[in-house]
Structure formats: structure tokens, C-alpha cells
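Heads up: the sequence shown runs through residues -5 to 179, numbered per my numbering.
Ideal placement from N, C-alpha and C gives every residue a C-beta, glycine not left out.
Quick notes on the structure that follows.
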Amino acid sequence: MKDLSWKTLSSEYLFKETWFTLRSDTCETPDGRIITPYYVYEFPSWVFAVALTSDGKFILERQYRHALGTTSYELPGGCVDESDASLEAALRRELLEETGYQFDSVEYLGKTSANPSTNNNWGHFFLATGGRRVQEQHLDFNEEIEVYLYSFDQLKALLREGGIIQSMHVTALFYALTRLGHLQW
């Protein structure tokens, strides 16, 4: 199989912030073509979960997303902080902060990329089960999150209606619902 990897000849940072960095690369393809500029968006790793309460309800969040100017349902999760000991620790922290729930079990299901053409990070997804509400939400200053509990039938209807628009979250649902025995392929 032919190696299609590009060689990075140089990189220049155009913008650097905590949650977003933009760099311009100069690259060389295997056949010697020079590609410049090639813009890469650097983000922290993301974690999110298909989270179920101890009585089997799916925990969903409803929030406004300014880039699209829309309010929709999502899975709980967020960015991995440097202080997080592991991906699972980051996920458990995000679940507790955003939903107020702790979970008996967390199972890693895989990873996906929002856009491997421009983004350098991975979104890691999990199945969290046995959730119990133990505290109020502790949201960041820019978050306003409503928490909803859905049955499997309600979740299916929401998916059919296009109520979950975040593509990585739909991917995580596909894997989790397969793991839970709700989907076969």
C-alpha cells in the first residue's frame, strides 16, 4: 500500500488561545508537490458519553451553539484539561460538572475526528452507566445547559427528527446503542 503521508517542512502559529490554535503549515507530498499554506486547527482532546441513569434513562443536554445559531440536544462532555489524570477522569469530571451525575461504570468505546482535514484532535466517546444525581451542576461561565432524561423510544424519535445535530455525538450513539444491543449490523 502506498504511503500517502505528507512531510511538514515548516509551521507558523497564526493564533494561539487556550481552546483554539491556528497554524499554517508548508507541506511536501510523496510526489514532491509543495502545499502551502495548509491551515490546521489545534484543539484539546474532547470526551463525551452516552450516559444512562441507574434506571436506564439517557442523559441529554440542551444548549445553544452560537456558530450555527441553534439550540439542540447533545451528549454530555467537553475538553480534556491538562490536570486530568486520564480520558476517563476528564469524562467523569465533565459529567459531574454538566449534569450533576456520577456513574458506576464507564466504558471506552472509541474515538472519532470532527474533521481530519483541518482539526488535529480526537473526540473520545464512552458509555457511562449507573448514573445517580449527586449534586447540582457546576457550569463554566459561558455554559447554560439544560439536562433531560430520555427513554430509548424518546431518544429514537429525537434522532429521527434530527434533534441531535453534532455528528460526533451521533457516531457515539451508534456505537453505544450497538454495545447496548439496541442496534445490529
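- Membership of L149 in the alpha helix (DSSP H) is indicated by the continuous run F146 to R154.
- If you ignore the 5 residues before and after P38, its C-beta comes within less than 6 Å of the C-beta of C73 and V74, all in its own chain and listed in chain order.
- Under DSSP, G175 forms no beta bridge with any residue.
- Secondary structure at R86: helix, using DSSP grouped into helix, strand and coil.
- The secondary-structure analysis by DSSP pairs L16 across a beta bridge with F9 and Y35.
- By the neighbour-count criterion, in which a residue is buried when 16 or more other Cβ atoms sit within 10 angstroms of its Cβ, F14 is exposed.
- Relative to T23, the option among T30, S(-1) and W179 whose CA is nearest is S(-1).
- Following the DSSP letters along the chain, one finds F120 inside the beta strand (DSSP E) bounded by residues G117 to R127.
- With fewer than 16 other Cβ atoms from the protein chains shown falling within 10 Å of its own Cβ, A151 counts as exposed.
- The alpha carbon of P70 has as its nearest neighbour, out of V41, G156 and L81, the alpha carbon of V41.
- The stretch 47 to 55 and the stretch 120 to 132 touch, with three or more beta-carbon pairs separated by less than 8 Å.
- In the assembly as shown, I53 is a buried residue. Its beta-carbon has 16 or more other beta-carbons within 10 Å.
- DSSP lists L46 and Y144 as the beta-bridge partner residues of F52.
- 7 Å or more divides the Cβ of V141 from the Cβ of T64.
- In this model, N113 and F9 are separated by some 14 Å (Cα to Cα).
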